[in-house]
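See below for the structure under consideration.
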Amino acid sequence: MTPLFSVNNITKYYGSQIGCAGASFDIYPGEVLGIVGESGSGKSTLLNCISDQLSFDEGHIFFDMQDRGFCNLANLTEPERRMLSRTDMAFVHQNPRDGLRMTVSAGGNIGERLMNTGARHYGNIRTAAAEWMERVELAAGRIDDRPSTFSGGMQQRLQIARNLVTAPRLIFMDEPTGGLDVSVQAKLLDLLRGLVQQLGLAVVVVTHDLAVVRMLADRMMVMQKGHVVETGLADQVLDDPQHPYTQLLVSSVLQV
Amino acid sequence: MFEIRDLSKSFRLHHQGGIEIPVMNNVGFSVSRGECVALTGPSGVGKSTVLRLLYGNYLLQAGQITIGDLDLGKANSRDILAMRHHQLGYVSQFLRVLPRISTLQVVTEPMRNAGMPNAPAERRAKDLLEQLRIPPALWGISPLTFSGGEQQRVNIARGMGPQYPALLLDEPTASLDQQNRATVLELIREAKTNGAAIIGIFHDAAAREAVCDREIDVGAFRPSVSACTVNEHQ
């Protein structure tokens, strides 16, 4: 079985500073990989590099494309890459404002991604948008409201609906629960877990919250100062951390 | 089913002065299908550590563990996850589940992971919960709100659901009343009859005698004092 997505030795410098160095991993359909580390550890740099939002200095990224098999993304043309990022890949930003159009209705936000991939029938697009709003537990009656009138948790769920409507196979998430109330966080994680299981999605989730990793991820990767210092099964890394930095992270979590 | 050779484990605590605590040395035993083996020894001797190593929850550092066809030392994360889904069940000492998920779902989930369709999985989950005397009124509620004994029974239902060929049981009868204890022992006997290889920790001697064929004293693998000193010099 070939992986869905393969990251090979990704290295990014900011001038002489290391952003991230030599990061590699494979991810298979239905798998959730958590990347943790404190701020400045390079986890968001890595996520932005592998999701085609930031150029990198060394390394290769491969994706198992539906029509042409396992491909080095560097060999794709610009339109092909854009199409890929609109269909098979999706990105959920920490701040929903970065992933939504705040002045367009909720339904329009979901419909836009469908239209990008060729959907034109207004009725079908609206039906799909309403369906997805219900799936992420938003009242379909608010389909014509702007996201600016939604709460933070609702905006985050709308962003997820917008991203999932085109049935991507790989989703990148940057601190998807950051800045939300604990009760809203739990609900969102519940929702994400359910969607991952139902749809067999592969997810790369970056977070500084170890509870999110325990709840969502099968495997995890710990980063410090741009380097990957430990990888493994999520429960193994959390329960039997080997690297000094991972031990520090795990032992620093407050018990409730 | 289980084949364990020269297994050693120590914990290095980098933030406690970097000390290394050796837990066990050269553990070796094997367990066949249809057999139930008890790990014995005083508290803190490393019985749960053995189970966690077998489950892949603790990192295998030295020695060899083979479960079925899988060599844990050579297995990658995906192999271990697949093994947990299809081969190896683990009833931990304490139930650890996500909040807001109903008891019925908690018990059904491992069977779904093992590839069982939803309807029979749910039927078996209900059947197990009933046998273990969890009232149907509680099935829709998260087990995190339950008493210790109830949580333990949910944990057992969860581990027994998929009828794995290999099972790890960490104190399955602790904090249970007589009636429920008898039910759990019956479930363990049933699993044995179905050909499961079982490794368990039972503090309750009567329970141990009721289901176990052999005992393995984990204390026998305790590293000697001189071994500790050697480790400190390294």
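The listed protein sequences derive, respectively, from chains A and B. The C-terminal position of the first sequence is numbered 256 in the working numbering, with every residue numbered one higher than the one before it. The C-terminal position of the second sequence is numbered 234 in the working numbering, with every residue numbered one higher than the one before it. Where is the CB? At the ideal position from N, CA and C, for every residue including glycine. It should be emphasised that the depicted structure is a prediction, and the values quoted were computed from it without experimental measurement.
Beyond the five residues adjoining it in sequence on each side, I35/A comes within less than 6 Å, by CB distance, of K43, V206, M221 in the same chain, given in chain order. At least one CB atom of chain B sits nearer than 8 Å to the CB of A186/A. Taking 7 Å as the upper bound on Cβ-Cβ separation, chain B lies near residues M215, D218, R219, G232, L233, D235, Q236, D239, D240 of the region 209–240 of chain A. Residues of chain B whose Cβ lies closer than 8 Å to the Cβ of L248/A are, in chain order, H14, H15.
Annotated three-state conformation of K12/A is strand, per DSSP. Among the CB atoms of chain A, none fall inside 8 Å of the CB of I188/B.
Within chain B, the residues whose beta carbon sits less than 8 Å from that of S251/A are H15, listed in sequence order.
Between the region 115–122 of chain A and the region 185–192 of chain A there are fewer than three inter-stretch CB-CB distances shorter than 8 Å, so the stretches are not counted as touching. DSSP lists no bridge partner for P42/B. Here the alpha carbon of I141/B sits roughly 5 Å from the alpha carbon of S102/B. Interface with chain A (8 Å Cβ-Cβ cutoff): Y90/B is excluded.
Within the same chain, Cβ atoms closer than 6 Å to the Cβ of T87/A are found at T117, T166, the five residues on either side in sequence being excluded. Take G56/B, set aside five residues on each side of it, and the residues of its chain with a beta-carbon closer than 8 Å to its own are L72, A75, I80, M83, R84, in chain order.
Selection G17/B, R112/B, K47/B evaluated against Q93/B yields K47/B as nearest (Cα-Cα). Within chain A, the residues Q236, D239, D240 have their CB atoms less than 9 Å from the CB of Y58/B, given in chain order.
Against chain B, the CB of P176/A has no partner CB under 8 Å away; the residue lies outside that interface. When 9 Å is used as the limit between beta carbons, D190/A is near these residues of chain B: L98, P99, R100, I101, in chain order.
Chain B places a beta carbon closer than 8 Å to that of P244/A, counting this residue as a contact.
For I156/B, the three-state secondary structure derived from DSSP is helix. I65/B has a beta carbon lying at 8 Å or more from every beta carbon in chain A. Annotated three-state conformation of T231/A is strand, per DSSP.
By the neighbour-count criterion, in which 16 or more other beta carbons inside 10 Å mark a residue as buried, R181/B falls on the buried side.
The contact set of L70/B on chain A, defined by CB atoms closer than 7 Å, is empty, because the minimum CB distance reaches about 14 Å.
Y28/A belongs to the set of residues whose beta carbon lies under 8 Å from a beta carbon in chain B.
Here M133/A is buried. Its C-beta has 16 or more other C-beta atoms within 10 Å. Residue environment analysis places Y58/B among the buried positions, since at least 16 neighbouring C-beta atoms fall within 10 angstroms of its C-beta. DSSP, reduced to helix, strand and coil, places R12/B within a strand of the structure shown. Scanning M154/A, F172/A, A161/A, V204/A for the CA closest to the CA of D181/A turns up M154/A.
Only residues of its own chain outside the window of five on either side were considered, and among them M102, T103, V104, S105, A106 have a CB closer than 8 Å to the CB of R146/A, listed in chain order. Counting only the Cα atoms, A202/A lies some 14 Å from S85/A. Given a length threshold of 3 residues, each whole run of the beta strand (DSSP E) inside the region 156–216 of chain A is given here in chain order: 170–174, 202–207.
Listed along chain A are L233, Q236, each with a C-beta nearer than 9 Å to that of I80/B. For the pair V91/B and I156/B, the CB atoms are nearer than the 8 Å cut-off.
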